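Here the structure comes first, spelled out in structure tokens, and everything after it is commentary.
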């Protein structure tokens with residue numbers, strides 16, 4: 001449609017001007033067509049995310065701090081992309097006014113800013129991977145809820161770790177022995193070899209033996225070398241293992257086993273759930289759980305106290321009824337402390353009734369030990385103080401330094417225990433999908449930039465830069481929506 | 490819009506000042522949504538915070554599209570390429586709402602517990618009356 005209003009002598013006819021195509025260059029048409037498919041693609045992704053996020057049951061969607069999202073980094077990245085959008089538009093303006101070196105400067109700045117964006121993104125991804133937040137098993141440590149499967153997995157992982165360290169320590173302990181054996185064998189073989197070599201006329205068997213000895217000696221050499229390097233690496237990890245093993249074993253006994261027993265013993269399902277929630281909180285505390293977990297610990301404390309009182313009373317009664325079992329119990333106590341592995345046979349001089357009482361007292365003692373262990377562990381590992389003001393547990397470490405309770409996983413970075421993050425798996429899937437597709441677009445942008453940068457960016461290239469800019473602005477546009485949705489909602 | 494004008498239109502718009510102003514506006518808008526998202530006061534009514542942030546994002550998107558992507562100076566073809574795509578993506582989202590977005594609305598309590606739980610939503614606390622006489626007991630303390 002053109003110039004119909006300027007022509008007054010057209011007899012009332014509108015003169016239409018035929019245009020063979022859109023009034024823009026072909027590259028731009030194609031890019032806009034591509035961008036409209038991209039709009040659908042990303043709007044679909046973002047829309048799906050919104051629907052999943054708000055459809056998550058009962059406000060369970062993890063907050064930024066539950067999943068190690070740092071809002072500031074997101075905001076900074078937004079700023080970086082805005083600056084890059086600005087710089088590419090300035091590059092286009094410079095090219096259009098035929099200032100190639102200025103255009104190249106802006107273009108290079110755009111390229112650099114895109115690299116900064118990707119660098120921050122990579123850092124953010126790594127901090128999530130380090131915490132076991134992956135979109136998918138087997139690396140993901142995320143559980144949606146604290147149930148028996150969760151507790152079972154905690155035990156499996158911890159057991160595997162402990163067993164591995166124990167095996168390594170055992171290997172390290174036997175390494176000198178193995179070495180001596182191999183060296184002795186080597187010596188014997190060498191002696192025999194010398195004898196055989198000294199023999200001028202060897203029989204056929206002796207020739208065979210000579211060959212075998214040589215082979216064996218070569219093997220021994222390799223074995224010795226392997227042993228030396230293995231011992232070296234085992235020794236390097238030994239100091240860490242010596243610190244970690246007792247901690248891991250304590251967590252296994254006083255947290256995991258305790259939870260299993262508590263959950264198994266009670267028919268009261270809220271209490272069963274409470275025990276598992278406490279464990280989940282100890283491993284990976286979610287701020288919103290703090291208040292509830294405090295209540296659960298109150299229940300547990302009440303139950304523990306009641307059990308201690310009733311057990312002590314029962315034990316006192318048993319001892320009063322069967323005074324003769326005292327001696328046998330003392331014997332068991334001392335043998336336990338002397339670390340005699342095998343259980344003692346029950347004393348022969350007890351009557352059947354006394355024997356029953358004796359075993360009951362032993363069981364009571366074992367249970368009392370468990371309770372004391374649990375209380376000590378809570379004291380040592382977990383919060384000693386609950387801050388009513390902000391419903392958080394304050395953690396007082398061994399150095400007396402008070403800080404927020406960060407959970408066993410954070411306090412011991414070698415522990416990679418499963419974490420309870422409600423809707424965490426869905427969160428991880430959507431987060432990595434959205435940011436991943438966006439990052440992929442940034443990478444594509446970088447490649448395009450890298451192809452254009454060596455060219456002379458004068459006015460003949462202005463359209464090329466404009467089209468590249470259109471794509472890049474779209475990438476910025478997507479991030480403008482992703483930033484609040486992923487970091488701030 | 491004449492042919493001549495189109496051919497020359499590249500020189501009629503844009504300008505350093507305009508771009509810088511838009512860039513500054515985008516930075517300020519980002520700061521606003523960051524402040525809104527980090528503000529305890531605003532996020533205590535999350536719907537308010539979400540509305541602010543989405544409104545800010547839409548404003549930023551419009552600025553980028555209209556000025557940086559030059560749509561404000563383009564002919565009407567811009568509507569053909571952007572509007573249908575936007576409407577279709579909106580439809581996609583709306584179609585997901587009943588089956589996915591509202592999937593947990595009519596869950597029974599058991600089913601919710603099997604979906605995902607937290608003390609927040611399905612607290613065993615709600616099932617058992619807590620004896621308030623012991624409210625002052627410190628769970629960590631033992632004799």
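Residue numbers (this note's numbering), protein chains in the order written: chain D, 1 to 489; chain W, 490 to 632.
All C-beta atoms in this analysis are idealised placements derived from N, C-alpha and C, irrespective of residue type, glycine included.
As the structure is a prediction and not an experimental result, all values here were calculated from the model.
Query, Result
"Is the Cβ-Cβ distance between residue 482 (chain D) and residue 46 (chain D) less than 9 angstroms?", "yes"
"For residue 262 (chain D) versus residue 272 (chain D), is the C-beta spacing smaller than 9 angstroms?", "yes"
"State the beta-bridge partners of residue 142 (chain D) as determined by DSSP.", "D:419"
"From which residue to which residue does the alpha helix (DSSP H) around residue 431 (chain D) run?", "424 to 452"
"Along the segment 579 to 600 of chain W, what residues have a CB closer than 8 angstroms to any CB found in chain D?", "579, 581, 582, 585, 586, 589, 590, 591, 592, 593, 596"
"Going by C-alpha to C-alpha distance, which of D:258, D:84, D:100 sits closest to residue 116 (chain D)?", "D:84"
"Would you report the Cα separation of residue 589 (chain W) and residue 51 (chain D), rounded to the nearest angstrom?", "7 angstroms"
"How do the segment 534 to 545 of chain W and the segment 85 to 101 of chain D stand: do at least 3 beta-carbon pairs fall below 8 angstroms, yes or no?", "no"
"When you compare the CB of residue 43 (chain D) with every CB in chain W, is at least one pair closer than 9 angstroms?", "yes"
"Roughly how many whole angstroms lie between the Cα atoms of residue 474 (chain D) and residue 234 (chain D)?", "53 angstroms"
"Strictly below 8 angstroms CB to CB, what residues from chain W border residue 327 (chain D)?", "The premise fails here: residue 327 (chain D) is roughly 29 angstroms from chain W at the closest Cβ pair, so nothing lies under 8 angstroms."
"For the alpha helix (DSSP H) that residue 375 (chain D) lies in, which residues bound it at each end?", "352 to 381"
"Nearest by alpha-carbon distance to residue 495 (chain D): which of D:312, D:22, D:129, D:102 is it?", "Residue 495 (chain D) is absent from the structure shown; chain D starts at 1 and stops at 489."
"Please list the segments of the beta strand (DSSP E) lying wholly inside the segment 520 to 545 of chain W, counting only runs of 3 or more residues, in order along the chain.", "none"
"Helix or strand or just coil, what does DSSP make of residue 18 (chain D)?", "coil"
"Around the C-beta of residue 180 (chain D), are 16 or more other C-beta atoms found within 10 angstroms, so that it is buried, or is it exposed?", "exposed"
"Contact criterion: CB-CB distance below 9 angstroms. Does residue 495 (chain W) meet it with respect to chain D?", "The pLDDT assigned to residue 495 (chain W) is 41, lower than 50, so where the model puts this residue is not dependable; a value taken from the coordinates is nonetheless given after this. Chain D contact via Cβ: present."
"Whole angstroms are fine: how far does the CA of residue 480 (chain D) sit from the CA of residue 420 (chain D)?", "30 angstroms"
"Identify whether residue 136 (chain D) lies in helix, strand or coil by the three-state DSSP scheme.", "coil"
"How long is the line joining the alpha carbons of residue 224 (chain D) and residue 200 (chain D), rounded to whole angstroms?", "32 angstroms"
"What residue ranges within the segment 246 to 330 of chain D form continuous alpha helix (DSSP H) runs of no fewer than 4 residues, ordered along the chain?", "258 to 265, 269 to 283, 290 to 321"
"What residues from the segment 512 to 529 of chain W come within 7 angstroms of chain D, judged by C-beta to C-beta, listed N to C?", "512, 515, 516, 519, 522, 523, 526, 527"
"Report the residue from D:292, D:28, D:108 whose alpha carbon sits nearest the alpha carbon of residue 451 (chain D).", "D:108"
"For the candidate residues W:523, W:506, W:594, W:514, whose alpha-carbon lies nearest to that of residue 551 (chain W)?", "W:514"
"State the DSSP-derived secondary structure class of residue 407 (chain D), mapped to helix, strand or coil.", "coil"
"If contact means a Cβ-Cβ distance below 7 angstroms, which residues of the segment 561 to 572 of chain W contact chain D?", "564, 566, 570, 571"
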